[in-house]
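Our numbering puts the first residue of the first sequence at 1407, with every later residue one more than the last. Heads up, the thing below is written out as structure tokens.
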Amino acid sequence: MNCSLDSFIEGSSGNGEVQASGSASEAKSFSGYLVEVGYDGERKSAFIKFYDPNHNRIRVWYDNTGHLPYCYVKEGLDAVKSNEAVAKHPGLERLESAVKYDALRDVKVELTKIVAKDPLSIGGKPSGSIRDLVKAWEADIKYVENYIYDLSLKPGLPYVVKEDSIVESEFEIPEEAKQTVQDTIREREKEYVDLTLNWLKLLECPVPWYLRAALDIEVYSDVANRVPDPREAEYPVICASIVGNDGRSHIYLLEREGFEKKDLPSLNAEVQFYDDEKALLTEVFKRIEEYPFIITFNGDDFDLRYLYHRAERLQIPRETVPIELSKDSASLRRGVHIDLYKFFFNKSIQVYAFSQKYRENTLDEVAVSLIEEGKIEIQNPISQLTYQELAEYCLNDAELTLKLTTFNDDLVMKLITILARISYMGLGDVSRQGVSNWIKSMLYKAHRERNMLIPRSDDILSLKGITTTQAIIKGKKYKGAIVVEPVQGVHFKVSVLDFASLYPSIIKVWNLGYETVICPHEDPACRGNLVPGTPLWICKRNRALESLLIGTLRDLRVKWYKPKSKDPQLPEEKRKLYQVVQNALKVVLNASYGVFGAETFPLYCPPVAESTAAIGRYVITKTIEKARSLGVNVIYGDTDSIFLGNPERAQLEKLMEWSREELGLELEIDKEYRYVALSSRKKNYLGVYPDGNVDVKGLTGKKRHIPVFLKEAFSQLIGILSQVQSREDFEMAIEKIKGIVRKCYLDLKARRMPMEDLAFHVMISKTIEGYVKTTPQHVKAAQLLEGSGYEVKPGDIISFVKVLGDPGVKPVQLAVKEEIDVGKYLEYFTSTFEQVLDALGVDMEELMGGTKLEAFFGG
DNA sequence: ATCTATGGCAAGCCGA
DNA sequence: TCGGCTTGCCAT
């Protein structure tokens, strides 16, 4: 794709001045990856940022037409409002009046973003007749925030930037990938195949190495444990560290009275002292400018924000400050800022990309979990540390931050790049925003490419309505998945079958989307295509955009990236990249169903979400029926999986074949267990693999908040059960378990374990005052904490122990061993163990020989 | 300018 | 004392 760069000029890299257009022509020729597109409020122009990997720098191109965007004019819109022609815009055709589109409101939204290169907007104000306005709009819809869309620019992909045009770099899809994908996808529609190949091109393209540095600062504070307000920036920056992945590390220290200045040779960094904070900051800014990417942990809200305001306060000239602030983020004038705090905080990333390896979102927790290194523990408040301690601490933070982007072959940078390509968002945006925004951006882009209008949320709602089924859980909008009542007991040789990416597959196969649910056609083919268990029907004429996009992504993951990520033939490096892509697709696909049921999603469409779940129920129910008719013992199932007791190969094959033929869905063998112990509770089981590995699902003994003491006892229990080979082995196992129970009880009674091991760890999700209906125990503990001078914020983990007397809990920090309520812990212990034991058919009392625990121990 | 969904369990709170 | 409700954590 060729795009004109006529109107763009390149911002020079040195001093913030802009070179004149034309004179920069030789500098214009380079190749680089598109990393960010946006609007610069100060300069009042749009920009494109490229990362040039040959020179390791960002090159920014500003729009120089001078009359760019923001020509929102109310009168013009009011006029358009009354114009019927707008409502008959051809772009509406595809919606088939399914969505009676109030084009006007879209104009209002989009006008703010129109590139005003037509005569209608002179000096930023549209003029001319309504007719002209509409015409111009039809002919030339330009979305600003979206030069991406305008110019069909794809973030994360390489371009060759020439004299005054930019050209997508030549890249051919590897033949094997192309062939495999073409051979394996079922769909034969041209649109489907083309789109799949398009994605493939996007995802196969190599990811560059990014030159980058992590930044961390420390600020003086006269109150210990209080974080200084970055908007006030009233205290001096006493230390800053910048650690690059080019091997350079720098520490900037502020000289202060009462601290003895000396060399700090033990640090693996270049150390510089400054007696003037202004000079220090200026150096830091210079260094920042040397790196195309700056990585922080919470830089949006703290480090960069503080530096900006501190610079303001110290009257450092604006041109030397490379930072630009917006409400919730901080960016760099000539670089890209990535705030890992926001990235790792993203629930989807946490769960699907890092399988919940970290639970709290602090630098320490994330780093310990992912790279097995933590923050340096300091005994004194920051402001009292020696230069050596301060420098070490600050440097370590920056090093950790950098390592979070370098570990596992730059995994995080690759993940961000791939997500940027899927979502058509810049690297910075994709790392800050949530999955609903990625999917929104992806779908919007697809609409624009096809010249379809983007429907308004309330139009979808009023035309497609709300849901028709009743949720099981009070307060939910519609009925969700089925969980099969487990057959309590121990089952040997269990196969677990599941539908790979069930919901995305359903969206694909059933053609779900806001256009196609309850489509307006009178066609009996459509009307008769009912969603099982609902009065809803699905269009047979047109393919829904959502179905198309989600379907193609699903196919690529299932048919190409997932298998390739495990292919031992591939070199390590290649395989890892496939793993990253596979994971990125997982993140997007897993969220793709949920967003349609989320009010905040701009294409919110309850019947789409409802249909997906309803079809899921239908699919699993039919599969269970089929399995039973084949004589297989179905012992459990949840949403998209069924657990089969001792099935024959042939039966499994038949079932999978049936699913492919009858349901059009791929049913696969997910796991095979040596045995599974099912309790009577749903979503609670324990499965032992042939090699002795154990899956523990839902059992209390594994939950985050329970005391270490219980977790350890529980894991001993699991250890014993993992050795059980056959039914006969249980007897011995139970004897061993008795031993554990006895030991734990005695330890508890004698209060032998450290008190920390008895602490529950529960997250407080609101402020203390936010709890009005009830006051749960962790909140009571939090109140006590606050009373003794600690600060408690939402998201903090409250550690408390159960004690005798009122209110029954105390924060660990404040409790003493003697007041521990041993009885309560015994109850917990019993119930934790019971969950496993009742699956084995023994209860605690029986285990102890028919007596109550207390009696058994003479307690 | 943020924010995928529903189902299920254990424990504790609190009003009837 | 009982039962519904709130909360947090987990499964999918």
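Cβ atoms here follow ideal geometry from the backbone N, Cα and C, with glycine treated the same way.
Answer yes or no: do residue i and residue j have a C-beta to C-beta separation smaller than 8 angstroms?
i	j	result
isoleucine 1924	glutamate 1952	no
aspartate 1706	serine 1735	yes
leucine 1825	alanine 1583	no
tyrosine 1714	isoleucine 1694	no
tyrosine 1697	glycine 1650	yes
isoleucine 1380	threonine 1922	Nothing in the structure corresponds to residue 1380, since the chain is present only between 1407 and 2265.
alanine 2139	alanine 2245	no
glycine 1438	tyrosine 1565	yes
leucine 1801	leucine 1776	no
asparagine 1381	alanine 1877	Only positions 1407 to 2265 of the chain appear in this structure, which leaves residue 1381 out of reach.
Can you tell me whether DSSP reads residue i as helix, strand or coil?
i	result
cysteine 1945	coil
lysine 2186	helix
arginine 1592	coil
valine 1443	strand
proline 2012	helix
alanine 1509	Reliability fails at alanine 1509, whose pLDDT of 34 lies under 50, so the model's placement of it is uncertain and no value is given.
arginine 1632	coil
glycine 2247	coil
serine 1575	coil
aspartate 1815	helix
tryptophan 1615	coil
alanine 1736	strand
leucine 1731	strand
histidine 2111	coil
lysine 1584	helix
alanine 2221	coil
glycine 2201	coil
Which first and last residues belong to the alpha helix (DSSP H) in which residue i is found?
i	result
valine 2228	2228 to 2243
asparagine 2039	Element bounds for asparagine 2039: not the alpha helix (DSSP H) but the beta strand (DSSP E), 2039 to 2044.
alanine 2139	2135 to 2155
isoleucine 2126	2114 to 2128
Between the C-alpha atoms of residue i and residue j, what's the straight-line distance to the nearest angstrom?
i	j	result
valine 2014	tyrosine 1920	7 angstroms
phenylalanine 1750	valine 1772	8 angstroms
phenylalanine 1760	glutamate 2068	35 angstroms
glycine 2093	threonine 1602	37 angstroms
glutamine 2189	isoleucine 2174	7 angstroms
arginine 1465	proline 1892	60 angstroms
leucine 2071	serine 2065	6 angstroms
glycine 1840	arginine 1711	22 angstroms
isoleucine 1648	valine 1727	16 angstroms
valine 1836	leucine 2220	42 angstroms
lysine 1531	tyrosine 1468	Confidence is the limiting factor: at lysine 1531 the pLDDT is only 29, short of 50, which leaves the residue's position unreliable and the question unanswerable from this model.
threonine 2029	serine 2171	40 angstroms
glutamate 2192	valine 2198	7 angstroms
glycine 2247	tyrosine 1830	54 angstroms
glutamine 2183	leucine 2210	13 angstroms
aspartate 1929	proline 1969	41 angstroms
leucine 1660	glutamine 1678	9 angstroms
Need the endpoints of the beta strand (DSSP E) that residue i sits in, please.
i	result
histidine 1461	Unbroken run through histidine 1461: none, as it is neither H nor E.
glutamate 1725	Segment: none, glutamate 1725 is in no beta strand (DSSP E) and carries neither H nor E.
methionine 2169	2166 to 2169
arginine 2066	Unbroken run through arginine 2066: none, as it is neither H nor E.
alanine 2083	2073 to 2084
isoleucine 1744	1742 to 1745
Buried or exposed, going by whether 16 or more other CB atoms sit within 10 Å of the CB of residue i?
i	result
asparagine 1604	exposed
alanine 1588	Reading the sequence as shown, one finds glutamine at residue 1588 and not alanine. So glutamine 1588 counts as exposed.
lysine 2208	buried
serine 1971	buried
leucine 1746	buried
isoleucine 1744	buried
asparagine 1460	exposed
valine 1613	buried
threonine 1873	buried
alanine 1504	Because the pLDDT of alanine 1504 is 21, which lies under 50, any placement of that residue in the model is unreliable, and the question is left without a value.
aspartate 1622	buried
Can we count residue i as close to the ligand SAH, meaning its CB is less than 7 angstroms from some heavy atom?
i	result
isoleucine 2030	This structure simply doesn't include the ligand SAH, nor any ligand for that matter.
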